[in-house]
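Protein chains: 2
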Amino acid sequence: MNLKNDLLLRAAKGEEVERIPVWTMRQAGRILKEYREVRAKAGSFINLAKSPEMAAEVTIQPVDILGVDAAIIFSDILVVPEAMNLPYEMVEKKGPVFPKTVKTETDIHALNTEDIEHHLAYVIDAIKLVKKELNGRVPLIGFAGAPFTIFCYMIEGKGSKTFSLAKKMLYTEPEISRALLQKITDVTITYLKAQIAAGADLVQIFDSWAGILSPEQYSAFAIPYIKQICDAIQETPVTVFAKGAYFAREEIGQLGCQVVGLDWNMSISESRKLIPNKTLQGNLDPCVLYGSFNEIERNTKAMLTAFGKQRYIANLGHGVYPDTNPDNVKCFIDTVKSF
Amino acid sequence: MNLKNDLLLRAAKGEEVERIPVWTMRQAGRILKEYREVRAKAGSFINLAKSPEMAAEVTIQPVDILGVDAAIIFSDILVVPEAMNLPYEMVEKKGPVFPKTVKTETDIHALNTEDIEHHLAYVIDAIKLVKKELNGRVPLIGFAGAPFTIFCYMIEGKGSKTFSLAKKMLYTEPEISRALLQKITDVTITYLKAQIAAGADLVQIFDSWAGILSPEQYSAFAIPYIKQICDAIQETPVTVFAKGAYFAREEIGQLGCQVVGLDWNMSISESRKLIPNKTLQGNLDPCVLYGSFNEIERNTKAMLTAFGKQRYIANLGHGVYPDTNPDNVKCFIDTVKSF
Chain A
86 MNLKNDLLLR AAKGEEVERI PVWTMRQAGR ILKEYREVRA KAGSFINLAK
136 SPEMAAEVTI QPVDILGVDA AIIFSDILVV PEAMNLPYEM VEKKGPVFPK
186 TVKTETDIHA LNTEDIEHHL AYVIDAIKLV KKELNGRVPL IGFAGAPFTI
236 FCYMIEGKGS KTFSLAKKML YTEPEISRAL LQKITDVTIT YLKAQIAAGA
286 DLVQIFDSWA GILSPEQYSA FAIPYIKQIC DAIQETPVTV FAKGAYFARE
336 EIGQLGCQVV GLDWNMSISE SRKLIPNKTL QGNLDPCVLY GSFNEIERNT
386 KAMLTAFGKQ RYIANLGHGV YPDTNPDNVK CFIDTVKSF
Chain B
86 MNLKNDLLLR AAKGEEVERI PVWTMRQAGR ILKEYREVRA KAGSFINLAK
136 SPEMAAEVTI QPVDILGVDA AIIFSDILVV PEAMNLPYEM VEKKGPVFPK
186 TVKTETDIHA LNTEDIEHHL AYVIDAIKLV KKELNGRVPL IGFAGAPFTI
236 FCYMIEGKGS KTFSLAKKML YTEPEISRAL LQKITDVTIT YLKAQIAAGA
286 DLVQIFDSWA GILSPEQYSA FAIPYIKQIC DAIQETPVTV FAKGAYFARE
336 EIGQLGCQVV GLDWNMSISE SRKLIPNKTL QGNLDPCVLY GSFNEIERNT
386 KAMLTAFGKQ RYIANLGHGV YPDTNPDNVK CFIDTVKSF
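So the sequences go chain by chain: A and B.
Okay, so the first sequence: first residue is 86 according to this note's numbering, each after it adds one.
Okay, so the second sequence: first residue is 86 according to this note's numbering, each after it adds one.
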C-alpha cells in the first residue's frame with residue numbers, strides 16, 4: 086500500500102523532504118486520557134499489550150489526536166524475554182519484575198528460541214490491525230530492545246540504577262554472556278522480521294541501558310550484536326537509539342542502520358560531526374514540555390535550526406514523561422510541522 | 086600538623102609525586118564487615134552518621150584495612166537539606182525519603198540558612214576526632230553535594246530515574262529555582278569552610294545527578310553555583326565530580342577547582358584534552374572489581390598507563406558497590422601502589 090505521508094521514511098533513507106517529520110517516543114501512552122481509558126478497560130499493562138485490538142487502538146490514538154507523522158506499535162521491549170520463557174510482571178510504582186532470571190549456563194540452555202512469531206503473535210496481529218486501520222495515513226514503526234538491554238533485565242530481573250549484576254556477568258563470565266547475547270540477538274532478528282512482514286515500515290532498536298557500560302564494554306558486548314541486527318534487516322530502514330552511549334556515537338554511525346537516535350545530553354553539532362552519513366533523530370529534553378508554549382516553541386525551533394531540515398527526524402531525547410500535558414506535546418509537534 | 090603521606094594533596098596541587106595516590110569513593114561503607122558491625126551497633130545509617138565517635142571509627146577503617154592514601158569523612162550529602170530544615174529518612178531498599186519537599190517560594194523562604202555549623206556539629210566533631218586519631222597518617226577529605234543535586238532531592242523528595250519534577254521546576258520557575266540554588270550554595274560554602282576549619286585537607290563536591298540535565302541547563306543551573314563554591318574555597322584544593330556531565334568537561338575544567346573527577350564512561354585521553362590544566366581523578370568501572378585479581382590488575386594498569394603518573398589521583402568512576410569483596414578493592418589499591 087502506498088503511504089499518503091512518507092516523510093519519515095524519506096528522511097530515514099536520506100531523501101529530500103519538504104518538511105521535517107515528527108513523532109515522539111512513548112506517544113502511545115499515559116499522556117493521553119484516551120489511552121488511560123483503554124488501559125483501565127484492559128485491567129493491566131500486560132493485558133493491554135497482549136490484546137491486538139486494544140494495542141492497535143492505542144497505537145493509532147496519537148496519529149488522530151496529536152497529528153504525528155508516524156505510529157509506533159504499542160508494546161514493550163520485555164515481550165522478547167517473555168517469548169524466550171522468562172515471563173515478567175508489571176508492578177505498580179516499581180516497573181517490570183522477572184520472577185525467574187538467568188544465572189548459569191544451564192539457564193541459558195533452557196531459554197526458548199523457537200516459534201518466536203507464534204509466541205509474539207499478539208504483537209504481529211496488532212501490527213496487521215494497525216496497518217489496516219491506518220490505511221496508509223502514516224508509516225508504522227516496529228521495535229525491539231537491543232540485546233544488551235534485554236540481557237540486563239534477564240540477569241537482573243528488574244530495573245536498577247547500576248545493573249551491577251548484569252555488568253558483573255560481563256566481567257566474570259564473558260563467554261556465557263556472549264552466548265546469552267547471541268541467543269537474544271537471534272530471537273530479536275526473527276521478531277523484527279516478523280514485524281516487518283506484518284507491515285512495520287521502519288524498526289527501531291532501543292538500547293535503553295547503553296549508558297551504564299564503559300566504552301570498552303560497549304564495543305565488546307553491545308555493538309557486535311546491534312551490528313548483526315542492522316546487517317540482517319535489509320527490508321526497511323533501521324533506527325538505533327542507544328541512550329547515554331555518547332562515547333559510542335562514531336561506532337554506531339558506522340553500523341548498517343539508516344537513523345541514529347540522540348538523547349538530550351548529546352550535542353547536535355558534535356553528533357552531526359561524529360555521524361556524518363546518517364539521518365539523526367531526537368533530541369529535545371522531555372522536560373521542556375513542562376514549560377509554557379512560548380518556551381516549547383523557542384526550544385524546539387532552536388533544535389530544528391541546529392539539526393537542519395534534511396536527514397533529520399524530530400523527536401524527544403527520551404520517551405515523553407507520563408505527566409506531560411498533551412496540549413504541550415501538540416505544541417511541540419505543531420512547531421515542527423509549521424517550521 | 087604535618088602529614089606523613091601527602092601524595093593526594095601534592096597530586097591535587099599539580100606537584101610532582103613519586104607514586105600515584107589512590108582512594109575509592111564509598112570506601113567507608115558496606116564493603117567492610119568492620120563497617121557493618123558498627124552500623125549494626127548504631128541501629129540506622131542516620132544514627133551512625135550523627136554519632137561523631139562511630140562516624141570517625143568507620144572513616145578510619147579503610148585507611149587501616151585497605152591502605153588507601155586518604156580518608157573521607159563518613160557522612161551523607163543530604164545532611165545539608167536536613168540542616169536547612171528538610172529532614173530525611175533512610176528507607177531500606179528505597180534510599181532517602183523527604184517527608185517535606187520544596188514546592189513554592191514560601192517553602193524556600195521557610196528554609197533555614199543560619200547556624201549551619203551548629204546544625205552540622207556532629208560532622209564537624211567527627212572530622213576533629215578523625216584528624217586526631219589519624220595523627221597525620223593520610224589527608225582527610227571533606228565533601229558536600231553540588232547545589233543542583235541537593236536541589237533535586239529537595240524538590241523530588243526521593244531518588245528518581247529522571248528527576249523530572251526538579252527539571253520541571255527549572256523550566257517553569259527559573260527564578261524560584263535560582264533562589265533555591267543560591268540558598269543551597271550559601272549554606273554549602275559555610276558548611277565546607279567549617280569542615281576545613283575542623284581539619285579537612287581537601288573538599289570534594291559531588292554532583293551525582295549532573296547527567297540528567299541538558300548541556301544548556303547544566304551551564305545555566307549547575308555550573309554558576311559550583312563556580313561560587315570553588316571561588317569561595319581558597320583554603321584547600323577542591324575536587325569537582327559531576328557524574329554523567331561529559332558534555333560539561335570543558336566548562337568544569339575552567340572552574341577554580343584543582344581536581345576534576347571522571348566517571349567510567351569518560352574517555353581518559355579525551356578528558357585530558359578537554360581539561361588540560363587540572364589534576365584528574367578516577368575512573369575505573371566499579372564492576373571491574375567483581376572480576377578476578379588478574380582482570381582487576383590488567384584493567385587498573387591500563388587505566389594508570391592512560392592517565393600517566395602526574396596530575397592524577399587513582400579512584401573508581403563511582404562509589405564502590407556494596408557487594409564488592411574487600412580483597413578485590415585491596416587488589417585495586419595495591420596495583421596502583423606498586424605501579
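No residue lacks a Cβ here, since even glycine has one placed at the ideal position from N, Cα and C.
C-alpha gap between residue i and residue j, whole angstroms
i: GLU241 of chain B; j: PRO411 of chain A; result: 22 Å
i: ALA113 of chain A; j: VAL123 of chain A; result: 11 Å
i: ILE158 of chain A; j: ILE274 of chain B; result: 51 Å
i: ALA279 of chain B; j: ALA134 of chain A; result: 56 Å
i: THR128 of chain A; j: TYR207 of chain B; result: According to the sequence as given, residue 128 of chain A is Gly; it is not Thr. Each residue's Cα considered, the two are about 51 Å apart.
i: PRO340 of chain B; j: SER377 of chain B; result: Going by the sequence as given, residue 340 of chain B is Leu instead of Pro. For LEU340 of chain B and SER377 of chain B, the distance between alpha carbons rounds to 39 Å.
i: THR270 of chain A; j: LYS253 of chain B; result: 38 Å
i: ILE209 of chain B; j: GLY227 of chain B; result: 10 Å
i: LEU171 of chain B; j: VAL215 of chain B; result: 27 Å
i: ALA295 of chain B; j: SER299 of chain A; result: 18 Å
i: ASN220 of chain B; j: HIS203 of chain B; result: 25 Å
i: LEU163 of chain A; j: TYR256 of chain B; result: 33 Å
i: ALA125 of chain A; j: PRO224 of chain A; result: 27 Å
i: ALA64 of chain B; j: CYS416 of chain A; result: What is shown of chain B runs 86 to 424, which leaves residue 64 of chain B out entirely.
i: LEU117 of chain B; j: ASP149 of chain A; result: 58 Å
i: ILE246 of chain B; j: LYS89 of chain B; result: At residue 246 of chain B the sequence reads Lys, which differs from the Ile that was named. Distance between the alpha carbons of LYS246 of chain B and LYS89 of chain B: 43 Å.
Residue interval of the beta strand (DSSP E) (run including residue i)
i: PRO309 of chain B; result: Premise fails: PRO309 of chain B lies in the alpha helix (DSSP H), 308 to 317, not in any beta strand (DSSP E).
i: VAL325 of chain A; result: 323 to 327
i: GLY227 of chain A; result: 225 to 230
i: VAL344 of chain A; result: 344 to 346
Which of helix, strand or coil DSSP assigns to residue i
i: ALA285 of chain B; result: coil
i: ILE398 of chain A; result: strand
i: ILE290 of chain A; result: strand
i: LEU365 of chain B; result: strand
i: LYS243 of chain A; result: strand
i: LEU219 of chain A; result: helix
i: ALA156 of chain B; result: strand
i: VAL107 of chain A; result: strand
i: PRO370 of chain B; result: The identity of residue 370 of chain B in the sequence shown is Asp, whereas the question assumes Pro. Note: ASP370 of chain B maps to coil in three-state DSSP.
i: VAL187 of chain A; result: coil
i: SER299 of chain B; result: coil
i: VAL272 of chain A; result: helix
For residue i, the first and last residue of its enclosing alpha helix (DSSP H)
i: LEU133 of chain B; result: 130 to 135
i: TYR256 of chain B; result: 249 to 257
i: PRO181 of chain B; result: Run containing PRO181 of chain B: none in the alpha helix (DSSP H); it sits in the beta strand (DSSP E), 180 to 182.
i: ILE418 of chain B; result: 411 to 422
i: GLU177 of chain B; result: Neither: GLU177 of chain B is in no alpha helix (DSSP H) and is coded neither H nor E.
i: HIS35 of chain A; result: An answer regarding residue 35 of chain A cannot be provided, because it is not within the stretch 86 to 424 covered by chain A.
i: GLU122 of chain A; result: 118 to 127
i: MET388 of chain B; result: 378 to 392
i: SER356 of chain B; result: 353 to 359
i: PRO407 of chain B; result: First-last for PRO407 of chain B: undefined, no H or E at that position.
i: ARG115 of chain A; result: Note, ARG115 of chain A: premise wrong, no alpha helix (DSSP H); not H, not E.
i: GLY338 of chain B; result: 334 to 338
i: VAL165 of chain B; result: 164 to 168
i: ALA97 of chain B; result: 92 to 97
Contact test: residue i Cβ vs the ligand FMN heavy atom, cutoff 7 Å
i: LEU117 of chain A; result: Inclusion of the ligand FMN in the displayed structure is not the case, the ligand content being empty and no account of it being possible.
Supposed close pair residue i, residue j - CB separation, criterion 8 Å
i: PRO232 of chain A; j: LEU266 of chain A; result: 5 Å
i: LYS292 of chain B; j: ALA330 of chain B; result: Looking at the sequence itself, residue 292 of chain B is Asp, so the reference to Lys does not match. Their Cβ separation, rounded to whole angstroms, is 7 Å, which keeps ASP292 of chain B and ALA330 of chain B in contact under 8 Å.
i: TYR303 of chain A; j: ALA333 of chain A; result: 5 Å
i: LEU369 of chain B; j: TYR276 of chain B; result: The Cβ separation is near 29 Å, so there is no contact.
i: LEU359 of chain A; j: PHE392 of chain A; result: That pair is no contact at about 14 Å.
i: VAL344 of chain B; j: THR109 of chain B; result: In fact, because the Cβ distance is near 15 Å, the residues do not count as touching under 8 Å.
i: PRO184 of chain A; j: GLY244 of chain A; result: PRO184 of chain A to GLY244 of chain A, Cβ: 15 Å. No contact.
i: LYS363 of chain B; j: ARG104 of chain B; result: Not a contact, Cβ separation roughly 20 Å.
i: ILE418 of chain A; j: GLY230 of chain A; result: Not confirmed; about 26 Å, so no contact.
i: LEU347 of chain A; j: GLY367 of chain A; result: 4 Å
i: ALA283 of chain A; j: LYS213 of chain A; result: 5 Å
i: VAL165 of chain A; j: VAL272 of chain A; result: 6 Å
Contacts of residue i in chain D (Cβ-Cβ under 9 Å)
i: LYS358 of chain B; result: Checking the listed chains, one finds no chain D in this structure; the protein chains it contains are A and B.
Quiz item: Are the segment 144 to 159 of chain B and the segment 101 to 117 of chain B in contact at 8 Å, needing three or more beta carbon pairs?
Solution: Put simply, the segment 144 to 159 of chain B touches the segment 101 to 117 of chain B. At least three CB pairs are less than 8 Å apart.
Quiz item: Are the segment 90 to 106 of chain A and the segment 368 to 384 of chain A touching by the rule of at least three beta carbon pairs closer than 8 Å?
Solution: The segment 90 to 106 of chain A, when compared against the segment 368 to 384 of chain A, does not touch it at the 8 Å Cβ threshold.
Quiz item: Within the chosen definition, does the segment 335 to 353 of chain A reach the segment 306 to 313 of chain A through at least 3 CB pairs nearer than 8 Å?
Solution: By the Cβ rule, the segment 335 to 353 of chain A counts as touching the segment 306 to 313 of chain A, because three or more pairs are nearer than 8 Å.
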